[in-house]
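Protein chains in written order, with this note's numbering: chain A, 22 to 139; chain B, 42 to 267.
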Amino acid sequence: MIHAVTATGIILILTGLWCMLTRKHIIRIIIGFSIIDTGIHIMIVSTGYIRNRTAPILDHAVGLQGAADKVVDPVPSALVLTAIVIGLAVTALMLSYAVKLYRRKRTLDINNYAELKW
Amino acid sequence: MIKRLFVLLAVAGMAVILIPFVSGNGAGDALNNVAATYVEDAPRDLGTMNIVTAVIVTYRGLDTLGEVLVLFIATAGVGFLLKKRREGDPVQPPSEILSTGGMILMPLIVLFGIYVFSHGHLTPGGGFQGGVIIATAFLLAMLSARRLPIYSGLLTWIESVSGFAYLAVGVLGLVLAGGFLDSRLLPAGRYGSLLSSGTIPLIYTFIGLKVGTELVSILDKLRSNQ
Numbered sequence: 022m023i024h025a026v027t028a029t030g031i032i033l034i035l036t037g038l039w040c041m042l043t044r045k046h047i048i049r050i051i052i053g054f055s056i057i058d059t060g061i062h063i064m065i066v067s068t069g070y071i072r073n074r075t076a077p078i079l080d081h082a083v084g085l086q087g088a089a090d091k092v093v094d095p096v097p098s099a100l101v102l103t104a105i106v107i108g109l110a111v112t113a114l115m116l117s118y119a120v121k122l123y124r125r126k127r128t129l130d131i132n133n134y135a136e137l138k139w
Numbered sequence: 042m043i044k045r046l047f048v049l050l051a052v053a054g055m056a057v058i059l060i061p062f063v064s065g066n067g068a069g070d071a072l073n074n075v076a077a078t079y080v081e082d083a084p085r086d087l088g089t090m091n092i093v094t095a096v097i098v099t100y101r102g103l104d105t106l107g108e109v110l111v112l113f114i115a116t117a118g119v120g121f122l123l124k125k126r127r128e129g130d131p132v133q134p135p136s137e138i139l140s141t142g143g144m145i146l147m148p149l150i151v152l153f154g155i156y157v158f159s160h161g162h163l164t165p166g167g168g169f170q171g172g173v174i175i176a177t178a179f180l181l182a183m184l185s186a187r188r189l190p191i192y193s194g195l196l197t198w199i200e201s202v203s204g205f206a207y208l209a210v211g212v213l214g215l216v217l218a219g220g221f222l223d224s225r226l227l228p229a230g231r232y233g234s235l236l237s238s239g240t241i242p243l244i245y246t247f248i249g250l251k252v253g254t255e256l257v258s259i260l261d262k263l264r265s266n267q
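Right, dumping it as structure tokens:
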């Protein structure tokens, strides 16, 4: 049986990896990182999914009795919530490095940043 | 061409690693022991309706503290890299519709953000989400007002005080309740009411204020750097 959500996550991860490895523009590389990030989040959330169950919020509709048989796994959701915030922070930091690099050389093409090339 | 081959190899290798997950390596048919314990214990011990919130704020509270720290360091890095410069003139003044609509919507979005972070223990939501919603309200205001004054001193002050208060609540849990960041410092209250679940609404309010002010200051730094 194929999990459509997991497959979506994998496609996003592969697309983002390809984007990061082939693009030359720094902003596009950052966009590729963002796509990988999103794909990983979707994959982690999908590992906690159990068919025919609901979100782990125990209101009156779910009830407290036997709640463990009615809800999906709350741990992957909590992990992804952390990962989203960290991803946002890292992206903001990368973008400000891009601004700094642009100010130094007036270009964002990585072919012009050959100082660390061997 | 050899480079393209390597790229292809890297993507194919990643695909080989990830493809087995498609055929269902997930949770299976039942919750594992840890998750089942969280789901059964959280309403009884902590009084939270939203189990994800209980995991984030109490059971894995130390991870959340680290997450807040990462966000703080990233904000500090952005502030270090992008020093504030004089405000350049906006390329194009905002239109009448954008400026009027922005001014009408902004207080409503801030109110919604406050609702999201103060009801984190009852509904889907919490401090991080509420903080981001508040930051979007300020982004809208930055786009719609020609020159929105952002008092960075006030932002820093709110951020520091709420970060300190979050830590202080954690240490009080260590002294007065079961451990660091234990939310049973305050009584659990009536299940499902706003003032319940011990210190979780308090912690999420501090996190919401901290995340909101941090993101607003990142936006402000990126904006005033042309």
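Quick reminder that beta carbons are idealized off the backbone N, C-alpha and C, glycines included.
Values in this document were obtained by computation on a predicted structure and should not be read as measured data.
Interface flag, residue i vs chain A, CB-CB below 8 Å
i: G39 of chain B; result: Given a span of 42 to 267 for chain B in the structure shown, any question on residue 39 of chain B remains unanswerable.
i: I155 of chain B; result: no
i: D70 of chain B; result: yes
i: P242 of chain B; result: no
i: I191 of chain B; result: no
i: D223 of chain B; result: no
i: V257 of chain B; result: no
i: I175 of chain B; result: no
i: F179 of chain B; result: no
i: F158 of chain B; result: no
i: V275 of chain B; result: Examination of residue 275 of chain B is not possible in this model, given that chain B is present from 42 through 267 alone.
i: P84 of chain B; result: yes
i: P135 of chain B; result: no
From the options, residue whose alpha carbon lies closest to that of residue i
i: V98 of chain B; options: A:V111, A:C40, A:L100; result: A:L100
i: L181 of chain B; options: B:T94, B:R264, B:S237, B:V212; result: B:R264
i: M41 of chain A; options: A:I31, A:S55, A:G30; result: A:S55
i: G102 of chain B; options: A:Y70, A:T68, A:T103; result: A:T103
i: Y192 of chain B; options: B:S159, B:V257, B:L87; result: B:V257
i: I155 of chain B; options: B:G249, B:V93, B:A115; result: B:G249
i: A186 of chain B; options: B:P242, B:T164, B:F153, B:L146; result: B:L146
i: L85 of chain A; options: B:L106, B:T94, B:V80, B:L112; result: B:V80
i: V151 of chain B; options: B:L260, B:L163, B:R45, B:G253; result: B:G253
i: A28 of chain A; options: B:I43, B:L59, B:V48; result: B:L59
i: V111 of chain A; options: B:R45, B:M144, B:G142, B:L110; result: B:L110
i: I61 of chain A; options: A:G30, A:N73, A:G108, A:R72; result: A:G30
i: K44 of chain B; options: A:R44, A:V26, A:R127, A:H24; result: A:R44
i: L222 of chain B; options: B:Y100, B:A77, B:M42; result: B:Y100
i: S140 of chain B; options: B:D104, B:L149, B:L184, B:A178; result: B:L184
i: F153 of chain B; options: B:L163, B:V75, B:Q170; result: B:Q170
8 Å Cβ cutoff, residue i in contact with chain B
i: L4 of chain A; result: Lying before the first or after the last residue shown, residue 4 of chain A is absent from chain A, which here runs from 22 to 139.
i: Y134 of chain A; result: no
i: T27 of chain A; result: yes
i: A110 of chain A; result: yes
i: L129 of chain A; result: no
i: H224 of chain A; result: Outside the modelled stretch of chain A, which goes from 22 to 139, sits residue 224 of chain A, for which no answer is possible.
Chain A contact residues for residue i, given Cβ-Cβ distances below 9 Å
i: I43 of chain B; result: In chain order: nothing, as chain A lies at least about 13 Å away.
i: R101 of chain B; result: V96, A99, L100, T103
i: D104 of chain B; result: A99, L100, T103
i: I247 of chain B; result: Sequence inspection shows Phe at residue 247 of chain B; the Ile mentioned does not correspond to that position. Going along chain A, no residue has its Cβ under 9 Å from F247 of chain B, so there is no contact; the nearest lies around 15 Å.
7 Å Cβ cut-off: residues of chain B touching residue i
i: S98 of chain A; result: V93
i: K138 of chain A; result: Simply none; closest approach about 13 Å.
i: D80 of chain A; result: M90
Cross-chain neighbours of residue i in chain B, by beta carbon under 8 Å
i: Y118 of chain A; result: L122
Proximal chain B residues relative to residue i, where beta-carbon distance stays under 9 Å
i: K121 of chain A; result: L122, L123
i: V107 of chain A; result: Correcting the residue identity first, residue 107 of chain A is Ile in this sequence and not Val. What I107 of chain A touches in chain B: E108, V111, L112, A115.
Contact set between residue i and chain A, taken where Cβ atoms lie within less than 8 Å
i: I77 of chain B; result: The amino acid occupying residue 77 of chain B in the given sequence is Ala; Ile does not appear at that position. Simply A89.
i: E81 of chain B; result: A88, A89
i: I97 of chain B; result: A99, L102, T103
is_contact[residue i, chain E] using C-beta, thresh 8 Å
i: I71 of chain A; result: Going by chain labels, chain E is absent from the structure shown, which instead holds the protein chains A and B.
Distance cut-off 7 Å: residue i Cβ against heavy atoms of the ligand SAH
i: S193 of chain B; result: Absent from the structure shown: the ligand SAH. Ligands present: none.
Count Cβ pairs between the segment 192-199 of chain B and the segment 51-62 of chain B that sit closer than 8 Å; are there 3 or more? no
At least three beta-carbon pairs within less than 8 Å, the segment 218-228 of chain B to the segment 65-85 of chain B: no
If you pair each beta-carbon of the segment 110-126 of chain A with each one of the segment 103-122 of chain B, do three or more pairs fall below 8 Å? yes
Check whether the segment 230-239 of chain B and the segment 83-99 of chain B touch, using three or more Cβ-Cβ pairs below 8 Å as the test. yes
Please identify, using Cβ separations under 8 Å, the residues of the segment 30-42 of chain A that lie next to chain B, in order along the chain. I31, I34, L35, L38, W39, L42
Is the segment 169-176 of chain B in contact with the segment 141-160 of chain B, if contact means three or more CB pairs nearer than 8 Å? yes
Can you give me, in chain order, the residues of the segment 200-227 of chain B that have a beta carbon less than 7 Å from any beta carbon in chain A? none
Chain-ordered residues of the segment 52-65 of chain B with a beta carbon less than 8 Å from chain A: V52, M55, A56, L59, I60, F62, V63, S64, G65
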